[in-house]
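Chemist: Here it is, the structure, as structure tokens.
Residue numbers (my numbering): 842 to 1007.
Here it is as structure tokens:
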């Protein structure tokens, strides 16, 4: 990230050669590169938070369900502790339905919670294509494609943006 910032500021102070006119393509190219680098810089800053959640979620894959039940997976990814509380209450799966902001499936990001409509199960969005949850049938924390959500949450689900709100 610091390399991108340095490169951006290098392009900011770089001027086109004196032999080119201000309306020439060489001058224009310098400013076009600045816009591209700025866009990359902004994208890197916004994606950094999601990567933290994705790495925490990935670190749990293969752990025993006895060690991490579904709400503890979410608690660990969001808060860094599996046995944490929100406003003095232990965060159970159904409580994830009551906090945060509901997000359309198409706008999901790493670190968003996915919660069954019946409140019996929850998991985490690990990437735009994967969910991490504590599987009762495999008795461990697993990563599955988002397309499998209908099997993990047969009663339906909500994606909730909880990070930053709790």
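Just so you know, even glycine gets a beta-carbon here, dropped at the ideal spot from N, CA and C. Just so it is clear, the structure is predicted and the values come from calculations on it, not from any experiment.
(1) Which term fits residue 1001, buried or exposed, when burial requires 16 or more other beta carbons within 10 angstroms of its beta carbon?
(2) Per DSSP, what are the beta-bridge partners of residue 979 in this structure?
(3) Can you name the start and end residues of the alpha helix (DSSP H) that residue 914 belongs to?
(4) Counting C-beta neighbours from all protein chains within 10 Å, is the total for residue 897 16 or more, i.e. buried, or is it exposed?
(5) Leaving out five residues before and five after residue 983 in sequence, what residues of the same chain have Cβ atoms less than 6 angstroms from its Cβ?
(6) Measure the alpha-carbon distance for residue 937 versus residue 956 and round it to whole angstroms.
(7) Going by DSSP, which residues form a beta bridge with residue 964?
Modeler: In brief:
(1) buried
(2) Residue 979 pairs with nothing; no bridge assigned.
(3) Residues 911–920.
(4) buried
(5) 976
(6) 7 angstroms
(7) 955 and 974
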